[in-house]
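Student:
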């Protein structure tokens, strides 16, 4: 029998002598003969004291040595190397970012098969090479540990086979309508897949809604977003639209907008930009004339503007409510009329009446065909509030048999989320394609996690005539499946989505070679027609709009507090809440991170005795939320503003319970959602600090950032910049002229950067691009509060002040104006030729390169922080803790998946060392080596820093100042003595970063 | 015969003989530790424990445990460093400069003052090491030959100058102090009864026999070391001040710093000597050796250096205004009226106003008043460094980076912890080492003793007591 087989330990056991029996249970039956060497007596079984000590000593030493051994981490080379992967050499793939918000064709940099950086696709006619902070940061969502690892049924993990079978069975027997709920889909192929999927059901509906809805805009324009072209506009009037930061298509609009904002002595003209808005948006911060108005006044402003325009263009006047800001409207109207055919009015209002009037104004101004490209309207918003509201009613009425959520999360981001939750209980079959168990997916039966867009094939038609492609840059990290493939499976199709895309595009690209070119370029021209609105809602008539505006349902007088609900540049509508990069990106205007808050005007805060960081309860619609207050200069009096996208409960580790959800305070008026409301506000009596990266808001009369007016610039371009002279016995001298230092000699390259303050819109895309490229750690809210954020590149934002030193003194200069003008200044290491940091380091850990770069040698740094103290620009960042592999900083650098996002060319810094902008030295080295391999000099534009490459407005130009033909040299030559200045030039630090004075086209 | 000056106050009172001096000083070393000393040591050890805990947190987790941030890269660490270095200065001044100037009053206080110097420098030296991000690499600041190629330290950096200045200062002070201790150790050795004490003090005294040759060498070495130490009094704090003066930060970038820092150092050092002396004198019953005469002399030095410091403060403001540089002007207006105004005015009150009270003879000679004012000066000088470091950094050139600094419990822990370390060392010193230099006090006994007629007249063998009352006018 098996059990009887016995193995002996040795012959001794077989013999089973008494001696063996005695020692059988001793681990060491024989005493280790330690003392033998000393010739001692071994017969004794008791360990002598000396032997004990020897063993103890040996044991301790052995244990110590064993525990000192570093863990072995294996780097395994390819056994069969894929042909296209060369270790150390990046591969680039063209793709497209559109995660339900911003459209951005991109190039994805992959190293050893993993995407590590996103850049703009310069071939795109829509966005050029520009990017947005969200597209830059979308990379991290790929490596998000909170994504679902595979399909789940009723909360339990399951297999695709099982879940497909179950879903198909249940869908076949479904009672009632089958509904697919999504955010805007601009993919022609996806639409085809959805259409085929729906065809198998007797009743199928595809409901599209957008969390930050543009329904009214669509309704007023035949179901399409007008093809705005800000580059053609000499006068722009925006009523509430943050078109540079978050409205509709900011990358595209920024690029267009800035073409008319760049000035040179040869072309000293620029557009005039009026902004009527409640909250100080990034776009408002860039406006030449900014007029704070309450949300309820938008109607009156637009109506008054319409009447002025109509009066001069022969249109019919409407009855309009009176407005406080008639003077500014008159000025705007006059300029719009003077620039007919080059004038554009936009509004983000979701009030159909307002949008009807805006469309009428644009029509009267001759915008159609000029500043609005009628041939190429935009499809990036297709959401229909009314249909979504109807669906919620239908669900509650039990009329919906099955619902599939694709990219939509109405249990979180719909104002009637409570009804969505209730309604879902009455739906038989509930499926979600969410990549994580989000608020809606938590309520459904089946979660079939979609791929990340970097793992997927997809196609996009953002505007009529323009197409782009997304392609996988990595094989699926988890056991996920692209939503379209799931739909195809459930349709019973054997084709995969890739084939469907090729089929869709076959008429456009023609043939395999054409397809290869498209897959390479990522973009193409052509039209599929898939996104044309099928049955647009009839627009409002002017008369109806006038009636609606005059009724002024919400127009409230006195001190009634109004709430405006806006979208932040970084976080969006809530898709990016779990992205630590975006959470820690400082907001362009408020400079706050990691929270939403109640932005409140200075005067109102004073009246209500609210101070910064006071927690207040905001109540509307019978619901209230509690958030800290942030005093916001430029905010309209008696208004508050709160950002959407926060207060999520199922976003993931980084995003859960950050801020509060403001969607329930959106007012639902009839068929439309109004992102404004009248509210009441009370102090709770608690304090919740808001983590701002900048807490001092005025420039204190210092000329660290320079600006002037267009009028002065046109008069004399040499008069707009102030250059400081140092008094010497020989009269005033340039600071460089009186140096004690020997200058460096640059023989090969001399890298430099020019930042045009006129082009910088403050969007912060560069800060994220820099963070991604250079493995800059995320430190979390508490450390930002401790003023220890690590960003190498920051955007300084200054508000103007009413006081000067003579008038009020320093203390008053600290207070921003009630409606300040705003200036943005990207601030990074200035790579001084006479660097104060370099002299003070005791161990020479920071020194100057032969190419003008101020280098930081992490390995040599002992962390005295003297360099940071002595840096006049305060751009050096210290590693206060270990930010990698540290439980206290549980972001992407604390898990193996998240670490895949790290750039292998850049060291991850340990605690105790200083770091700062390196001018992306790894890119410079790479560029030089590539050139060297081809025995040539690097070409201008070949070596670009991450910030310069990401910038949607080309505000940052990088290059070799020794190359006379480089862009940077040419700009410096052109602007010398005109707009070019160095920050703190009087310190004679001689920076390699040059700024160009901002020119304002003030009225 | 002992000469008694009709004008000068005697430096040793109580009609002491050589034997008395030996007896009085050695008593502390030989007697069992008393209760007060035990309690004091206990308290000091508790603070030392706080120090060790705070250092553990700093080393284990990182400098992030402190309140520093992206703009204020130094705060309590370097404040404490400069404060401790400054405190140490009195010892060197007393032992070196006063020795060269043949100021006899120094003899009874120089031992304790020098000990204070050494312990203060030990405390000070903690900070440059602890404030490093990677203190385990602290040896990289030394110009050691290495295998990194031609990698060398940066001789342009004032921090490197600090390394040399502080280490030189510490070595010279230590040697000077120890040389002075040798004859006294020999005395204790000779008196010791226990075998351990005998052996220990024999080792410590380097087999001193008291031969004429020994004494001759002792005197020579003392004089040489005094000559070496004298420039250190000026150089150490000059170099420390250059950490700031050579930078570009408004409020730091100031040519007045070297003399102003040296004066400040002597100022704070004397205040600390007084604080300690008044306690030691009382607890160890050394009233006859550390007399009101000593206290008054030191108070005069405090008034002088305090006034120099006050003038320096005002000069800084004047120059800021006169320079026409707006950053300088703002830095100083911000000091006086900005968010840290309280630190500035604490400094002004403690450092400029209180020492002026010493113009009154009664205050100058009042032990209580002196003690209180010396504490004020210690506080004021700490604030001076805090004001210079933190208020200059927290609002420098670009307003976008302006921040506030607030210390964490670890910052506080390390600071009070070094005070614990200091007192632990000082109390151990006071118990086991002779706190007054017996040999040197004996050397002035003949020339400057006052014999009080109220005290045991029989002990007065060599002189007549001058009448204290008639000398007051």
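Residue numbers (the working numbering), protein chains in the order written: chain A, 18 to 1020; chain B, -1 to 471. C-beta: ideal position from N, C-alpha, C; glycine also. Just so you know, these numbers come straight off a predicted model, no measurement behind them.
1) Per DSSP, what kind of secondary structure is residue 303 of chain B in: helix, strand or coil?
2) Quickly, what does DSSP pair residue 549 of chain A with across the bridge? List them, please.
3) According to DSSP, is residue 243 of chain A part of a helix, a strand, or is it coil?
4) Looking only at DSSP bridge pairs, what is residue 28 of chain A linked to?
5) Report the start-end ranges of each beta strand (DSSP E) in the region 600 to 649 of chain A that is 3 residues or longer and not cut off at the edges.
6) For residue 468 of chain B, name the three-state secondary structure that DSSP assigns.
7) Runs of 4 residues minimum, wholly inside the region 972 to 1012 of chain A: which ones carry the alpha helix (DSSP H) assignment?
8) Mind checking the region 55 to 69 of chain B against chain A and listing, in chain order, the residues whose C-beta falls within less than 7 Å of any C-beta there?
9) May I have the straight-line CA-CA distance separating residue 511 of chain A from residue 779 of chain A, to the nearest angstrom?
10) Residues of chain A with CB under 9 Å from residue 129 of chain B, in chain order?
11) Nearest to residue 133 of chain B by CA position, among A/428, A/1008 and A/880, is which residue?
12) Considering only DSSP beta bridges, list what residue 745 of chain A is partnered with.
13) Give the interface partners of residue 858 of chain A over in chain B, defined as CB-CB distance under 7 Å, in chain order.
14) In chain order, which continuous runs of the beta strand (DSSP E) of length 3 or greater are located wholly inside the region 707 to 739 of chain A?
15) If you count every other CB in all the chains shown that lies within 10 Å of the CB of residue 141 of chain B, and 16 or more means buried, which is it?
16) Below 8 Å between beta carbons: does that hold for residue 875 of chain A and residue 932 of chain A?
17) Contact criterion: CB-CB distance below 8 Å. Does residue 711 of chain A meet it with respect to chain B?
18) If you measure from the beta carbon of residue 898 of chain A to each beta carbon in chain C, is any gap under 8 Å?
19) Which partner residues does residue 925 of chain A have in the DSSP bridge list?
20) Does any C-beta atom of chain A lie closer than 8 Å to the C-beta of residue 441 of chain B?
21) Tell me the DSSP secondary structure of residue 834 of chain A in three-state form.
22) Going along the chain, which residues of the region 150 to 178 of chain A sit with their C-beta nearer than 9 Å to a C-beta in chain B?
23) Between the region 818 to 828 of chain A and the region 712 to 721 of chain A, can you find at least three pairs of beta-carbon atoms closer than 8 Å?
24) List, in order along the chain, the chain B residues whose C-beta lies closer than 9 Å to that of residue 890 of chain A?
25) Is there a Cβ from chain A that is less than 8 Å from the Cβ of residue 243 of chain B?
26) Check the C-beta distance from residue 648 of chain A over to residue 629 of chain A and give it rounded, since I have them as a contact under 8 Å.
27) What's the C-alpha gap between residue 449 of chain B and residue 288 of chain B?
28) Less than 8 Å between the CB atoms is what I'm expecting for residue 810 of chain A and residue 757 of chain A, so what's the real figure, rounded?
29) Decide if residue 601 of chain A is buried, meaning its Cβ has at least 16 other Cβ atoms within 10 Å, or exposed.
30) Have a look at A/608, A/576 and A/578 and flag the residue whose alpha-carbon is nearest the alpha-carbon of residue 587 of chain A.
31) Short check: CB of residue 311 of chain A to CB of residue 300 of chain A, under 8 Å?
32) Please state if the CB of residue 582 of chain A and the CB of residue 683 of chain A are separated by a distance shorter than 8 Å.
33) Should residue 26 of chain A be labelled buried (16 or more other beta-carbon atoms within 10 Å of its own) or exposed?
34) When the cut-off is 8 Å and only beta carbons count, does residue 342 of chain B lie next to chain A?
35) Return the first residue and the last residue of the beta strand (DSSP E) that residue 582 of chain A is part of.
36) Between residue 249 of chain B and chain A, is any beta-carbon pair separated by less than 8 Å?
Tutor: On the basis of the supplied data:
1) It is helical.
2) The partner list for residue 549 of chain A (beta bridge, DSSP) is empty, contrary to what the question assumes.
3) In the structure shown, residue 243 of chain A sits in coil (DSSP, three-state: anything other than H, G, I, E or B).
4) For residue 28 of chain A, which the question treats as bridged, DSSP gives no partner whatsoever.
5) Listed in chain order, they are 615 to 617, 631 to 637 and 640 to 648.
6) Note that residue 468 of chain B scores 40 on pLDDT, short of 50, meaning its location in the model is unreliable; the coordinates nonetheless yield the value given after this. Here residue 468 of chain B sits in helix by DSSP.
7) Complete alpha helix (DSSP H) runs here, min 4: 984 to 992.
8) Taking 7 Å as the Cβ-Cβ cut-off against chain A, the residues of the region 55 to 69 of chain B that qualify are 59, 60, 61, 62, 67, 68 and 69.
9) Their backbone Cα atoms lie some 49 Å apart in a straight line.
10) Proximity of chain A to residue 129 of chain B at the Cβ level (cut-off 9 Å) is accounted for by 880, 881 and 882, in chain order.
11) Per the Cα distances, A/880.
12) Answer is A/748.
13) Scanning chain B for C-beta atoms nearer than 7 Å to the C-beta of residue 858 of chain A yields 152 and 155, reported in chain order.
14) DSSP runs (the beta strand (DSSP E)) wholly in the region 707 to 739 of chain A: 724 to 726.
15) Counting Cβ neighbours within 10 Å, residue 141 of chain B comes out exposed, since fewer than 16 surround it.
16) Result yes, Cβ atoms of residue 875 of chain A and residue 932 of chain A sit closer than 8 Å.
17) The beta carbon of residue 711 of chain A sits closer than 8 Å to some beta carbon of chain B.
18) Note that chain C does not occur in the displayed structure, where the protein chains are A and B.
19) Paired residue(s): none; residue 925 of chain A is not in a bridge.
20) With 8 Å as the cut-off, residue 441 of chain B does not count as an interface residue toward chain A.
21) Reduced to three states, the DSSP call for residue 834 of chain A is coil.
22) Residues passing the 9 Å Cβ filter: none.
23) Contact check between the region 712 to 721 of chain A and the region 818 to 828 of chain A: three or more CB pairs, one atom from each, fall below 8 Å, which counts as touching.
24) Within chain B, the residues placing a beta-carbon under 9 Å from that of residue 890 of chain A are 395, 396 and 399, ordered along the chain.
25) Not an interface residue.
26) Indeed, because the Cβ distance is near 5 Å, the residues count as touching under 8 Å.
27) The predicted position of residue 449 of chain B is uncertain, since its pLDDT is 48 and thus under 50; a value taken from the coordinates is nonetheless stated next. Looking at the two C-alpha atoms, the distance is approximately 15 Å.
28) The C-beta distance from residue 810 of chain A to residue 757 of chain A rounds to 31 Å, too long to fall under 8 Å, and the pair is not in contact.
29) Under this definition residue 601 of chain A is a buried residue.
30) Ranking A/608, A/576 and A/578 by Cα distance to residue 587 of chain A puts A/608 first.
31) The answer is no: Cβ separation not under 8 Å.
32) Cβ atoms of residue 683 of chain A and residue 582 of chain A: closer than 8 Å.
33) With fewer than 16 other Cβ atoms within 10 Å, it is exposed.
34) With 8 Å as the cut-off, residue 342 of chain B does not count as an interface residue toward chain A.
35) Residues 578 to 583.
36) It does not: the Cβ of residue 249 of chain B has no partner Cβ on chain A nearer than 8 Å.
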